[in-house]
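**Q** So in this note's numbering, the last spot in the sequence shown is 2037, and the numbers never skip.
Just so it is clear, CB atoms sit at the ideal spot from N, CA and C, and this is done for glycine as well.
These figures come from a predicted structure and were not determined experimentally.
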Amino acid sequence: MKLVDFCIRYPVTVIVGVLLALLFGVISLFRLPLQMTPTVERPEISVETVYRGAAPQEVEHEIVDRQEEKLTSVQNLREMVSTSSEGRGVITLRFDWGVNKDVARLDVAEKLDLVQEVPLDAERPVIRAVSSDEETPIAWIIVQTMRDINEVRLEAEDVIKPRLERIEGVGSVLMFGGEEREVHVVLDYQAMTARGITITQVREALLRENRNTKGGNIDEGKKRYLVRTVGQFTDLRQIEEVVVATQNGRPVYVRDIAAARFGLKERDRDIRASGVPTLGFGVLRRTGANTVEVMKGIKGEVAHLNSVYADKGIQFRQVYDETDYIYDALSLVTDNVYEASLITVGVLLFFLRSVSSILVIALSIPVSVIATFVVLDALGRSLNIVMLAGLAFAVGNVVDNSIVVLENIFRHREMGKSRVQASLDGATEVWGAILASTLTNLAVFLPIIFVREEAGQLFRDIAIATSISTALSLVVALTIVPMMASRVLKVGTEVSRYPRLNRILDVLQLSWLGEAFSAGLVRWLFWLRQGVRRRLLVAAGMTLGSLGLSFLLMPPIDYLPKGNRNLILSIVKVPPGFNMDQIDRILAELEQRYMRRPEIERLFAVVRTESPLLGVIVKREYADIQGMQRMVRELWQLSGGIPGVRAVFVTQSPLFRRFRQLVGGTNIEIDVKGRGLDEVREVAAAIEQQVRPLPGVNFVDTSFEWGSPELQVTVDRKKAADLGLAAGEVGYAVETLIAGTLAGRFREGGRERDLTLIGTARGDMRTQGLDNVIFYPPKGGPLRLTDIAAVQEAEGPTRIEHIDRDRAIKLTVNIKDEVPLQTAIETINSQVLSQVRRQLPPGYSINVTGQARDLDQTWDSLKWSFLLALVITYLVMSSLYESFTYPFIIIFSIPPAMIGGVLGLRIMHTIEPTVKMDILAMLGFIIMAGVVVNAAILLVEQALNHMREGMAPQDAVIESARNRLRPIFMTASSLFGFLPLIMSTGPGSELYRGMGAVQLGGMVVSTLFTLILVPTVFSLWIDAESALLALRGRKRKRKEAPGELAPGVPSHQPPEAVAAAVSDGPVHRDRD
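#1: Please go through the same chain and pick out, in chain order, the residues whose beta-carbon is closer than 6 Å to the beta-carbon of Q1655, but skip the five residues on each side of it.
#2: I need the boundaries of the alpha helix (DSSP H) containing D1342, first residue and last residue.
#3: With a threshold of 16 other CB atoms inside 10 Å of the CB of D1113, please say whether the residue is buried or exposed.
#4: Which stretch, first to last residue, makes up the beta strand (DSSP E) that contains L1042?
#5: Does the beta-carbon of W1671 have 16 or more other beta-carbons within 10 angstroms, so that it is buried, or is it exposed?
#6: Between which two residues does the beta strand (DSSP E) holding F1141 run?
#7: By DSSP, does E1713 sit in helix, in strand, or in coil?
#8: First and last residue of the alpha helix (DSSP H) that includes E1269?
#9: At the level of alpha carbons, what is the spacing between V1080 and S1038?
#10: Decide if the region 1522–1534 is in contact with the region 1806–1821; the criterion is three or more beta carbon pairs, one per stretch, under 8 Å apart.
#11: What beta strand (DSSP E) runs, 3 residues minimum, are completely inside the region 1591–1624?
#12: Less than 9 Å between the C-beta atoms of G1808 and R1640, yes or no?
#13: Name the residue from Q1022, K1035 and K1076 whose alpha carbon lies nearest to the alpha carbon of S1050.
#14: Spatial neighbours of V1015 within its chain, please: CB distance less than 6 Å, with the 5 preceding and 5 following residues excluded, ordered by chain position.
#15: Hey, A1926 and P1878: beta-carbon distance below 9 Å or not?
#16: Would you tell me roughly how many angstroms separate the C-alpha atoms of L1845 and S1402, rounded to the nearest one?
#17: Between which two residues does the alpha helix (DSSP H) harbouring N1115 extend?
#18: What does DSSP give as the partner residue(s) for E1766 in the beta ladder?
#19: Locate the beta strand (DSSP E) running through F1569, then write down its first and last residues.
#20: Ordered along the chain, which non-local residues of its own chain (more than five positions away) have a Cβ less than 7 Å from that of G1815?
#21: Can you tell me whether N1271 is buried or exposed, with buried defined as 16 or more other CB within 10 angstroms of its CB?
#22: Kindly list the residues whose CB is nearer than 8 Å to the CB of L1129, restricted to its own chain and excluding five residues on each side of it in sequence; keep chain order.
#23: Per DSSP, G1580 is paired with what?
#24: Quick check on the burial criterion: 16 or more other C-beta atoms within 10 angstroms. Buried or exposed for G1929?
#25: For the putative contact between G1895 and V1969, defined by C-beta atoms under 8 Å, what is the C-beta separation to the nearest angstrom?
#26: So, F1857 versus A1504, is the Cβ gap smaller than 9 Å?
#27: Can you give the Cα-Cα distance for V1117 and E1419, rounded to whole angstroms?
#28: With DSSP as the reference, identify every bridge partner of F971, one or two as the case may be.
#29: Can you name, in chain order, every residue of its own chain whose Cβ lies under 7 Å from the Cβ of K1781, other than the five neighbours on each side?
#30: Among the residues of its own chain, which have a CB less than 6 Å from the CB of I980, if the five just before and after it don't count?
#31: Taking the beta carbon of A1343 as the centre, do at least 16 other beta carbons fall within 10 Å, making it buried, or is it exposed?
#32: Report the option in I1892, I1923 and L1888 whose CA atom is closest to the CA atom of V1905.
#33: Using the Cβ count rule (16 or more neighbours within 10 Å means buried), how would you classify Q1787?
#34: Taking Cβ positions only, does R1118 come closer than 9 Å to chain D?
#35: Using DSSP with H/G/I as helix, E/B as strand and the rest coil, what is A2006?
#36: In the DSSP output, what is G1247 paired with across the bridge?
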């Protein structure tokens, strides 16, 4: 082969190429963005609208319904889900996987612009394209101070938050805590009534005066003047000088009926750290930014802020750093790579007993792996735990080609050839086999790369990293290995000089066992060759038995690994209607209970009316898998028995968190939808009641709760009209008195703030006091609210959900860690949902969504990907061999690997229950399908080489099994380099342990079975082909002269050679 000959002749050129590859690989390594997990672009866009003070019903009717009506026509929309809660409406648009989200976002924005009659009080909708990089903060920073937290918030809004947002790589910064500053226009109702001024008049006057207006341009001489009328409020006195009306020729100013002053918005959430009120900043990374570099910038900015604000009594503390987990996980997987490399190199010494061979292989590993970073950088990929796990597994695969080449060179050296000739002949003889095995390894990754679902995006990094390193290993095996071997490889002169070491290796290697196994294998194959029935029974038994056992023993399927973050969230479920003070007291009680545990490093509390929570950060020395599971159980126990609390859901924060997912762990979401809310409530309640006691269920959470207390004011329109009042005017009065009415924006410095009309009693109102609210109507004297309206207590929902504009309720079923997701889905479907569906009225439906739907879609994609990988592998080998027969024989090595993978996973699950048959373990089966054929390719390739040299086909098959036994065992044994990855228990290991167990188990079983199954199937095919050719020959002889042989076949060749020569297809094409 010319490439091999060139590399042997020009070693300096090869060395220069290696050095350049290593140099650019190291440079690319430092250029790659470093992050926890691969970026996942989910086809979701959210629209969030804030409508302060509005009940869920008002948010639904005045905001969400109008937006949904327009958004229904968005292109490629698959599902539209909305939630209307107090003061907030959120619509989530789900598209088909692979949609262009930039185009979809523009389409959503255009449709929202068409929405008419939006309440003035409602804020502008915020559109977010969901990405995994933009969902979870990589850092949390809190403020420690003795100053008033609202005063500090002003500084944070103007200076601190903008400084954090300017850090390179930061996408946005979330700020929590304190109360937002606004301008209050405090109305004096008595003064307004005395002058006949209504709230509507005041509001319209402020809106009319509070604006800047363009005036065009004026050209004069050489100058052009831009004309604008400046009217926006920048000072409180400007507000008070606004004329509301003119009475008897005299103006009525705002100051006559109200006072303008700075105030605070109503409190809707608080943040506490270790029991102390604080401000919190959540820093989100920009997509594609290097997490480590961003974190360096954050820490530098925090240090700078501390130096600036030390004299002001403000201190900043970073309480969460995602790079801690990343560093631990990357350190673990890097150590595993080193250990895997040492084990792989040790296998060579074990079999070849040549120290110089170690030098050859030891160079091939770093070159293949480090050069991979050049391509990854060019493709714009990131360096993450999943990517490094793929490279760690690739270490065992990248040396396969080098081992095959080196072992064959070693064999030629043992035949007495010189180093140069042995290197040339050895590499040239097997280059076809390693090309075939490399292409099959690459072929299985093609379907994975095109899987669009969430799991497919996670797989893509493993597929790309492994494919690149495997392709580079082929180049290394055909260039560096023969060049190095021609210079340094020695045979029988290294270990033999140390008799004691030689004897130790003899004992460890169990040479006698290997020889006995080789002799037994040959005898077994000779025995099988003597009868067709024996071979048929063995081939059918091994193949069908492997497939049948794989199907029977296949464990239930889970979705993605949960990860092992040292963060636990306790979500508190309180009765509807609890106010902030009561919720604050509940969380304070939980904090006191939790702080008794010495394993807890710190706590933080998010006090809010909807889903208040307590975050628990566990000390790293207690944060192993078992420690975190134990901690979750103990916090469950500590959370019980708090008065007024309906439930506390304690879950570990997941590594792969879905957008807006709060409850961690494995969840099954059940959507019940229909046109009538009462019917949907009944169905959802029946499902919840039946699912809750099922085995394996932690808890069931519902998105719908009835019982939120309301005070409904119903205006008597006739009485109000007789007094000169409109129903809307009464509504404005009540809104202004209690919540305040937005009347525009006020510019303070460079920041705009809400300008709100409020009543003098705002914040002090009680339910009894609402009856006694005094009105001063234009006609008549003062009167109470109850004189013109009925005030009654009622109950309403805490939130209202829609799915595709139908009323809906979502049930979230949290599953225990030991229960696979597939098992839980089947149990719920068979025992609950199937019966409930049969009783559903027309127009109502029940759907299982969330992780369950994702698992179903991903499993379907992977099944087709696996079948497609087999087809591609077969077609690639058919092209290489110019035959459809030999690839078919090679494919028989896959069924034994399947049962091996299943057994490996089950054994690993027995050792460590957290290792499950999840999506990443499924990927292990697909990768394994491309790897296990390597041994079969070696056997078939060697048998064809023997047949080309004139050996009888049946003898060639048996001889190939004997000759290739050592390299097959060497490549299989090198896979024990997976052991460090499989047995490690540190951060991030939960992502790849299952995948490693599948590959290792599959390779071990497949290697043993392949040595018998592939020669047996090959032998059967030779007999079948010979029989067909003999039958064809007899028909041909009737037309030919007696004694004439087939064309081109010498009369002295054995019958097998005659049969081979008569074959229509070539045995193997010449690769040289």
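**A** Put simply:
#1: What you label residue 1655 is simply residue 690 of the sequence shown in a count that begins at 1. Closer than 6 Å at Cβ, skipping near neighbours: V1797.
#2: Sequence index remark: in the sequence shown, residue 1342 carries index 377 (1-based). From DSSP, the alpha helix (DSSP H) with D1342 extends over V1320 to A1343.
#3: What you label residue 1113 is simply residue 148 of the sequence shown in a count that begins at 1. Per the 10 Å Cβ criterion, exposed.
#4: As a first step, residue 1042 must be located in the sequence shown, where it is residue number 77. Per DSSP, L1042 belongs to the beta strand (DSSP E) from L1042 to S1050.
#5: As a position in the sequence shown, residue 1671 is number 706, starting the count at 1. Classification for W1671: exposed.
#6: Position 176 of the sequence shown, counted from the start, is the residue given in the question as residue 1141. Per DSSP, F1141 belongs to the beta strand (DSSP E) from V1135 to F1141.
#7: As a position in the sequence shown, residue 1713 is number 748, starting the count at 1. Note: E1713 maps to strand in three-state DSSP.
#8: Numbered from 1 along the sequence shown, position 304 holds the residue referred to as residue 1269. It is His, not Glu, that sits at residue 1269 in the sequence shown. Counting along the chain, the alpha helix (DSSP H) containing H1269 begins and ends at T1256 to Y1274.
#9: What you label residue 1080 is simply residue 115 of the sequence shown in a count that begins at 1. What you label residue 1038 is simply residue 73 of the sequence shown in a count that begins at 1. Approximately 13 Å between the Cα atoms of the pair.
#10: In short, these stretches touch, since the Cβ pair count reaches three.
#11: Within the region 1591–1624, the complete beta strand (DSSP E) runs of at least 3 residues fall at 1612–1617.
#12: Position 843 of the sequence shown holds residue 1808. Position 675 of the sequence shown holds residue 1640. The Cβ-Cβ distance between G1808 and R1640 falls below 9 Å.
#13: Here residue 1050 refers to the residue found at position 85 when the sequence shown is read from its first residue. Closest option to S1050, judged by alpha-carbon separation, among Q1022, K1035 and K1076: Q1022.
#14: Counting from one through the sequence shown, the residue named residue 1015 turns up at place 50. Hits under 6 Å: R1053 and E1088.
#15: Counting from 1 along the sequence shown, the entry for residue 1926 is found at position 961. Counting from 1 along the sequence shown, the entry for residue 1878 is found at position 913. Inclusion of A1926 and P1878 in the CB contact set at 9 Å is not warranted, their separation being larger than that value.
#16: Here residue 1845 corresponds to residue number 880 of the sequence shown, with the count starting at 1. Here residue 1402 corresponds to residue number 437 of the sequence shown, with the count starting at 1. Taking the CA atoms as reference points, L1845 sits about 10 Å from S1402.
#17: As a working mapping, residue 1115 is identified with position 150 in the sequence shown. From DSSP, the alpha helix (DSSP H) with N1115 extends over I1114 to E1120.
#18: In the sequence shown, counting from the first residue as 1, residue 1766 sits at position 801. In the DSSP output, where bridge partners are listed per residue, E1766 has T1048 and A1773.
#19: Locating residue 1569 in the sequence shown gives position 604, where the first residue counts as 1. That run of the beta strand (DSSP E) goes I1565 to R1573.
#20: Along the sequence shown, read from residue 1 onward, the residue named residue 1815 stands at position 850. Around G1815, the same chain offers N1632, I1633 and E1634 as residues with beta carbons nearer than 7 Å, after the five sequence neighbours per side are excluded.
#21: Translated into the one-based positions of the sequence shown, residue 1271 becomes position 306. Label assigned to N1271: exposed.
#22: Counting from 1 along the sequence shown, the entry for residue 1129 is found at position 164. A distance below 8 Å between beta-carbons, with the five flanking residues on each side excluded, links L1129 to the following residues of its chain, in chain order: I1106, V1135, V1138, F1246, V1248, I1263 and E1266.
#23: On the sequence shown, residue 1580 is found 615 positions in, with the first residue counted as 1. Bridge partners of G1580: L1534 and F1569.
#24: In the sequence shown, the residue the question calls residue 1929 occupies position 964. Position check: residue 1929 holds Arg in this sequence, whereas Gly was assumed. Buried, since its Cβ has 16 or more Cβ neighbours within 10 Å.
#25: The count along the sequence shown starts at 1 and reaches residue 1895 at position 930. The count along the sequence shown starts at 1 and reaches residue 1969 at position 1004. Rounded to whole angstroms, the Cβ separation of G1895 and V1969 is 17 Å, and the two are not in contact under 8 Å.
#26: Within the sequence shown, residue 1857 is the residue found at index 892, counting from 1. Within the sequence shown, residue 1504 is the residue found at index 539, counting from 1. Yes, these two residues count as a Cβ contact at 9 Å.
#27: Taking the sequence shown and counting its residues from 1, the one referred to as residue 1117 is at position 152. Taking the sequence shown and counting its residues from 1, the one referred to as residue 1419 is at position 454. The straight-line gap from Cα to Cα measures roughly 41 Å.
#28: Translated into positions along the sequence shown, residue 971 becomes position 6. Bridge pairing for F971: absent [DSSP].
#29: What you label residue 1781 is simply residue 816 of the sequence shown in a count that begins at 1. Annotation for K1781: G1661 and N1663 place their beta carbon closer than 7 Å to its own, counting only its chain and skipping 5 residues before and after.
#30: Along the sequence shown, one-based indexing puts residue 980 at 15. Excluding sequence neighbours, I980 sits near nothing in its chain.
#31: Working through the sequence shown from its first residue, we reach residue 1343 at position 378. A1343 should be labelled exposed.
#32: Numbered from 1 along the sequence shown, position 940 holds the residue referred to as residue 1905. For V1905, the nearest C-alpha among the options comes from I1923.
#33: The sequence position of residue 1787 within the sequence shown is 822, counting from 1. Q1787 is buried by the Cβ-count criterion.
#34: No chain D is part of this structure, which consists of one protein chain only.
#35: Counting from one through the sequence shown, the residue named residue 2006 turns up at place 1041. Confidence is the limiting factor: at A2006 the pLDDT is only 48, short of 50, which leaves the residue's position unreliable, though a coordinate-based value still follows. DSSP places A2006 in coil when its eight states are reduced to three.
#36: Working through the sequence shown from its first residue, we reach residue 1247 at position 282. Looking at the DSSP output, G1247 sits in a beta bridge with W1105 and L1139.
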